[in-house]
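Numbering (the numbering used here), first residue to last: 191 to 344.
The beta-carbon is built from N, C-alpha and C at its ideal position, and this holds for glycine as well.
Below is one structure, written out as structure tokens; the observations come after it.
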Amino acid sequence: MLSLHNAQFYLLQRTPEVARSRATPLLDLIMTALMPHPPQKQVYGVTLPTSVLFIAGHDTNLANLGGALELNWTLPGQPDNTPPGGELVFERWRRLSDNSHWIQVSLVFQTLQQMRDKTPLSLNTPPGEVKLTLAGCEERNAQACVRWPVLRKS
């Protein structure tokens, strides 16, 4: 039954054309927040720039963003690719040697075993994490980050 749910969910939420349409407001906010020197402005009610931006959403939001950005992931030991409490994490890093900006995208999730055992997440018992690769971004560093201008073109 779960495989049928996953297939239906993929078709309705991750198909790129559908996902881009549904994810546009979130993508606008995320991409503006990730800019190295964002203008000071309101984007969908959020004042930018900000050091940390937390957006709460649903599994459909994760699927829409994944489809729009062509992010594909499989979570080890998980029957569902959008687990409860899963997070898409976008990080901007600056390399000091040349002042270049790099973006890393990952999916963070509580594993089934952690849920079953009611394991408190901490630095000693961290959640599962999968580093994601953005389609069309050829220049990556060893940490799977992509250079900022490359990300803006995707």
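- Item | Cβ separation of residue 257 and residue 205, assumed to be a contact under 8 Å, to the nearest whole Å | On the sequence shown, residue 257 is found 67 positions in, with the first residue counted as 1. On the sequence shown, residue 205 is found 15 positions in, with the first residue counted as 1. With 8 Å as the limit, residue 257 and residue 205 qualify as a contact, their Cβ atoms being about 6 Å apart.
- C-beta atoms of residue 254 and residue 197 nearer than 7 Å: Position 64 of the sequence shown, counting from 1, holds the residue named residue 254. Position 7 of the sequence shown, counting from 1, holds the residue named residue 197. The answer is no: Cβ separation not under 7 Å.
- Task: Grab the span of the alpha helix (DSSP H) containing residue 293 for me, first residue to last.
- Result: Within the sequence shown, residue 293 is the residue found at index 103, counting from 1. Where residue 293 is concerned, there is no enclosing alpha helix (DSSP H), although the beta strand (DSSP E) it sits in stretches over 290-299.
- How should residue 263 be labelled, buried or exposed, when 16 other C-beta atoms within 10 angstroms of its C-beta is the threshold for buried? Walking along the sequence shown from the start, residue 263 turns up at place 73. Only buried fits residue 263, as 16 or more other CB atoms lie within 10 angstroms of its CB.
- Message: Taking only three categories from DSSP, how would you classify residue 327?
- Response: Taking the sequence shown and counting its residues from 1, one reaches residue 327 at position 137. In the structure shown, residue 327 adopts coil according to DSSP, grouped into three states.
- Who pairs with residue 284 in a beta bridge, going by DSSP? One-based indexing of the sequence shown puts residue 284 at position 94. In the DSSP output, where bridge partners are listed per residue, residue 284 has 291.
- Query: Bridge partners of residue 208, per DSSP?
  - Reply: Stepping through the sequence shown from its first residue, residue 208 is reached at position 18. Residue 208 is not bridged to any residue.
- Message: Using only the alpha-carbon positions, how far apart do residue 293 and residue 330 sit?
- Response: Along the sequence shown, read from residue 1 onward, the residue named residue 293 stands at position 103. Along the sequence shown, read from residue 1 onward, the residue named residue 330 stands at position 140. When rounded, the distance between both Cα atoms is 9 Å.
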